[in-house]
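Contents: one structure, followed by commentary.
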Amino acid sequence: MAMALLSPQTLSFLPNTHRNQVIPRRCRVQEKIVSCSSSSSMAPKPSFFLSSSGFCRRRVLLLLGLSSLPLVLPSPGCRAEEELKMASMVDEINAYTYMYPLELPSKKVVLKWAESRRPERYSSAAPLSPDARLRIVSERVDFVDNLILSVSIGPPNFQFLKSTDKTLWTAKDVADSVLADKSALRVTSTQRMAESSVLDTHSDKIDGEPYWYYEYLVRKSPTKSAQESNLYRHNIASTVERDGFFYTLNASTLSKQWDQMGPVLEKTVASFRLLPSTESYVPPYKDPWRFW
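Numbering-wise, the sequence shown is residues 1 to 292 according to UniProt numbering.
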């Protein structure tokens, strides 16, 4: 069978019934290899905040399910291009998906991911703070390249969101809400925010839902090898709201590796999407007492 080459225009007119068919019946990582263009000369912020016509950011979920063959995604205007091999991760328990990098051929880098936390329901997930509001429902790490991809779920913090209408929320307010609940220290929300510096924010509407994007630094690096006082973890994240909870994909690496790995992590965060719920979907509010 010939390799599938699909344009954004073609994908945008696919009926919803076809989109729903791409969801697998059980939670698993789909090792579908996708070639995607990346650019070493692209500045981090412009590549992270792609325009609404950016192909990788908009239609990546549909591409993953329409063919089991490798697909070639066109580059959103990159000059110095390289092929970036990515695979899809689908979590049916929490109904979301994203793509993660496997290999950077031009740099001869092969990423060695380990699934440190398998997808699980919110009630049994590991808390990120003493009040257990924000919890990690899945996580994968690359210890060699100091990369972390984690998905967390937690309720909005209305200390920073002054309205219950999510159409009025700004990306900066959402970032402050998530970061305030992220610290594992027993400190106030203001002190937790002091650990992080938000560099840039952006929002976009995808399939009728607002997605909020933000880039930030964490001053306290979790790596023991980080001896330099100016060595931070550089993070980018995408947050979307459903059923009264924030779903956030966070990607991070050491600041000294950002020039190489930043554009790759940006593509991962840009691919984050909520999926239509299936019988396997467990809303965060369901059975809060259940821990298995």
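C-beta atoms are modelled at their ideal positions from N, C-alpha and C, and glycine is treated no differently. On a predicted model such as this, the values are computed, not experimentally measured, just so you know.
Would residue i and residue j be called neighbours here (beta carbons separated by less than 9 Å)?
i    : j    : result
V174 : S196 : no
L274 : N146 : no
D287 : S152 : no
Y213 : A251 : no
Below 8 Å on the Cβ atoms is my guess for residue i versus residue j; work out the distance and round it to an integer in Å.
i    : j    : result
A144 : K112 : Correcting the residue type first, residue 144 is Val in the shown sequence and not Ala. Going by Cβ atoms, the distance from V144 to K112 rounds to 6 Å, so yes, they are a contact pair.
Y216 : V198 : 5 Å
S280 : I93  : 6 Å
G154 : D181 : 6 Å
F245 : P284 : 5 Å
K107 : Q260 : 7 Å
If you run the structure through DSSP and keep just helix, strand and coil, what is residue i?
i    : result
D259 : helix
S39  : Here the model assigns S39 a pLDDT of 41, short of 50, so the residue's position is not dependable and the matter cannot be decided.
V137 : strand
T167 : helix
P74  : Model confidence at P74 stands at a pLDDT of 40, short of 50, so the residue's coordinates are unreliable; what they give is reported in the following sentence. DSSP places P74 in coil when its eight states are reduced to three.
A175 : helix
V282 : coil
S67  : Per-residue confidence for S67 stands at a pLDDT of 32, beneath the threshold of 50, marking its modelled position as unreliable; the derived number appears in the next sentence. Here S67 sits in coil by DSSP.
P105 : helix
S129 : coil
S277 : coil
L161 : coil
Y232 : coil
A114 : strand
A95  : coil
D287 : coil
Going by beta carbon distance, what residues of the same chain come within less than 6 Å of residue i, once the five residues before and after it are set aside?
i    : result
V141 : A114, S116 and I148
S177 : P156, N157, F160 and L161
L61  : Unreliable placement is indicated for L61, whose pLDDT of 39 sits below 50; the coordinate value is still reported in the next sentence. So the qualifying residues of the chain are T97 and R273.
H18  : Because the pLDDT at H18 is just 41, under 50, the model does not fix this residue reliably, and the point stays unresolved.
P127 : R135
S150 : I136, E139 and N250
V110 : E103
L66  : Since pLDDT at L66 reaches only 33, below the 50 mark, its modelled position is unreliable, and no value is offered.
V282 : I93 and R121
Looking only at DSSP bridge pairs, what is residue i linked to?
i           : result
N250        : S150 and A237
residue 301 : Nothing about residue 301 can be read from this structure; the chain reaches only from 1 to 292.
I206        : E209
F245        : R242
Y214        : T201 and A237
D142        : L147
S196        : V218
Within a Cβ cutoff of 8 Å, which residues of the same chain sit near residue i, ignoring the five residues on either side of it in sequence?
i    : result
V264 : S38, L84, P101 and L104
R290 : R121, S123 and S124
S238 : Y211, W212, Y213, T248, L249, V269, A270 and F272
S163 : W169
A132 : none
D91  : C27, T97, P119, V137, S138 and V151
Note down, in chain order, each residue of its chain lying with its Cβ closer than 7 Å to the Cβ of residue i, except the 5 sequence neighbours on either side.
i    : result
K205 : none
R242 : L274
I236 : F48, E215, A251, L265, E266 and V269
Y232 : L217, V218, R219, S221 and S255
M89  : V29, T97, Y98 and Y100
Got a sec: does the ligand PLP put a non-hydrogen atom nearer than 8 Å to the Cβ of residue i?
i    : result
T164 : For the structure depicted, the ligand PLP is absent and the ligand set is empty, with no information on it obtainable.
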